[in-house]
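K.L.:
Shown below is the structure under consideration.
Residue numbers (my numbering): 14 to 336.
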């Protein structure tokens, strides 16, 4: 089993590095072509930080382990809000200034409810996959509209993205890092899936549980690094925006890939245990970000609550496996 554990650790490390190179290359290439920083942040960065989940999910389904991909999609969303935003808020309390984020959060919640509705028949078939992929196209179109809207020019998140996108990277070097990131991500996802399936077999647990725990945590590392770095620089909207964008891609693309590649039954626990936790955390984040009578924020206390919910969920999974 130690070879598989080493494969998982190595896969995680390569996923983080590959995602970082991919985002830098894609963002710099787009900037050199004249694309606005806000549009790059809403599309390229969101896609790039979700690339590990997408490739791992697709690779798992291709290898006949769709449960790993489903667990990765749902578990990553839970980790993104409960662990990543929770830990980030414990380090630096987060303020929400962006109108774009406040408009994206209700869409994220609706997307989660639609995904749940598609799974209520205990299966994830190709029709479900097509619906999710159609939602992905619609979401990208809506995000592009937001990024191109003249009113978005005053969104504080635009300045934050502009500061983060490399300005001194030539198009040639940017394309090199883009290609290198993709190749490393492909290799790392295959390595990680092989190791995760091996560990699941050795431990006698389902691919779903491994996807919800080890794989979900590992593929969320790019979001963790990006959110903490952004928050420490005072770019709070980017820290939260990375999570919102990633969760949208997870629900539509990462969950849709197993449906298209390897359709089949879905473990009932996904509907009765995992989705309610994910939706509850999404609703909590939306309420914190809106703020109602005050500016939206995630305080250290609220960050502690998010982390506690995540830890409680992992404990629930532990006892579910033992039983």
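Even for Gly, the Cβ is constructed at its ideal location relative to N, Cα and C.
Report buried or exposed for residue 121, applying the criterion of at least 16 other Cβ atoms within 10 angstroms of its Cβ.
P.N.:
Counting Cβ neighbours within 10 Å, residue 121 comes out buried, since at least 16 surround it.
K.L.:
Quick check on DSSP: helix, strand or coil for residue 165?
P.N.:
Bear in mind that the predicted position of residue 165 carries a pLDDT of just 47, short of 50, making it unreliable; the figure below should be weighed with that in mind. Residue 165: helix per DSSP, three-state reduction.
K.L.:
Just confirm the distance between the C-beta atoms of residue 8 and residue 62, as a whole number of angstroms; I'd bet it's less than 8 Å.
P.N.:
Lying before the first or after the last residue shown, residue 8 is absent from the chain, which here runs from 14 to 336.
K.L.:
Give every residue of the same chain whose Cβ lies closer than 7 Å to the Cβ of residue 164, excluding the five residues on either side of it in the sequence, and list them in chain order.
P.N.:
Its pLDDT being 48, under 50, residue 164 is placed unreliably by the model, and nothing is read from it.
K.L.:
Return the bridge partner residues of residue 107 from the DSSP annotation.
P.N.:
311.
K.L.:
Within a Cβ cutoff of 8 Å, which residues of the same chain sit near residue 98, ignoring the five residues on either side of it in sequence?
P.N.:
Excluding sequence neighbours, residue 98 sits near 107, 240, 252, 253, 256, 298, 311, 316, 319.
K.L.:
Name the one or two DSSP bridge partners that residue 137 has.
P.N.:
Answer is 277, bridged to residue 137.
K.L.:
Is any heavy atom of the ligand PLP found at a distance shorter than 6 Å from the C-beta of residue 232?
P.N.:
In the structure shown, the ligand PLP is absent, as is every other ligand, since no ligand is present at all.
K.L.:
What does the alpha-carbon distance come out to for the pair residue 325 and residue 183?
P.N.:
Between residue 325 and residue 183, the C-alpha separation is close to 47 Å.
K.L.:
Let me know the secondary structure DSSP gives residue 338 once reduced to three states.
P.N.:
In this structure the chain extends from 14 to 336, so residue 338 is not present and cannot be described.
K.L.:
Take the Cβ of residue 278 as the centre, count every other Cβ of all protein chains shown within 10 Å, and call the residue buried at 16 or more, exposed below.
P.N.:
With fewer than 16 Cβ atoms within 10 Å of its Cβ, residue 278 is classed as exposed.
K.L.:
Does DSSP put residue 117 in a helix, a strand or coil?
P.N.:
Note: residue 117 maps to helix in three-state DSSP.
K.L.:
Using a 10 Å radius around the Cβ and a threshold of 16 neighbouring Cβ atoms, would you call residue 72 buried or exposed?
P.N.:
Per the 10 Å Cβ criterion, buried.
K.L.:
By a C-beta neighbour count over all protein chains shown, 10 Å radius and 16 as the cutoff for buried, is residue 44 buried or exposed?
P.N.:
Buried is the call here.
K.L.:
From the DSSP output, in three-state form, read off residue 3 for me.
P.N.:
Residue 3 falls outside the range modelled here, since the chain spans only 14 to 336, and no answer is possible.
K.L.:
To the nearest whole angstrom, what separates the beta carbons of residue 212 and residue 14, a pair I think is in contact under 8 Å?
P.N.:
The pair is a contact, with the Cβ atoms about 6 Å apart (cut-off 8 Å).
K.L.:
Between the C-alpha atoms of residue 380 and residue 206, what's the straight-line distance to the nearest angstrom?
P.N.:
Only positions 14 to 336 of the chain appear in this structure, which leaves residue 380 out of reach.
K.L.:
Quick one: measure Cβ to Cβ for residue 141 and residue 131, integer angstroms, because I've assumed they're closer than 8 Å.
P.N.:
Right, the Cβ-Cβ distance comes to about 4 Å (below 8 Å), so this counts as a contact.
K.L.:
Residue 268: which of 85, 331, 17, 22 sits nearest, CA to CA?
P.N.:
Selected option, being the one with the closest Cα: 85.
K.L.:
Since residue 95 and residue 329 should fall inside the 8 Å C-beta cutoff, what is the C-beta to C-beta distance between them, to a whole number of angstroms?
P.N.:
No, residue 95 and residue 329 are not in contact; Cβ-Cβ is about 12 Å, not under 8 Å.
K.L.:
Rank 249, 302, 200, 327 by C-alpha distance to the C-alpha of residue 116 and give the top, closest one.
P.N.:
Comparing Cα-Cα distances from residue 116 to each of 249, 302, 200, 327, the minimum goes to 302.
K.L.:
Once DSSP output is grouped into helix, strand and coil, what is the label at residue 80?
P.N.:
Of the three classes helix, strand and coil, the one that applies to residue 80 here is helix, per DSSP.
K.L.:
Going along the chain, which residues of its own chain have a beta-carbon closer than 8 Å to the beta-carbon of residue 245, five neighbours each way excluded?
P.N.:
Hits under 8 Å: 104, 105.
K.L.:
Exposed or buried, which one is residue 287 when buried takes at least 16 other CB atoms within 10 Å?
P.N.:
Result: buried.
K.L.:
Which residue marks the beginning of the alpha helix (DSSP H) containing residue 21, and which one marks its end?
P.N.:
It spans 15-45 - the alpha helix (DSSP H) in which residue 21 sits, taken as one unbroken run.
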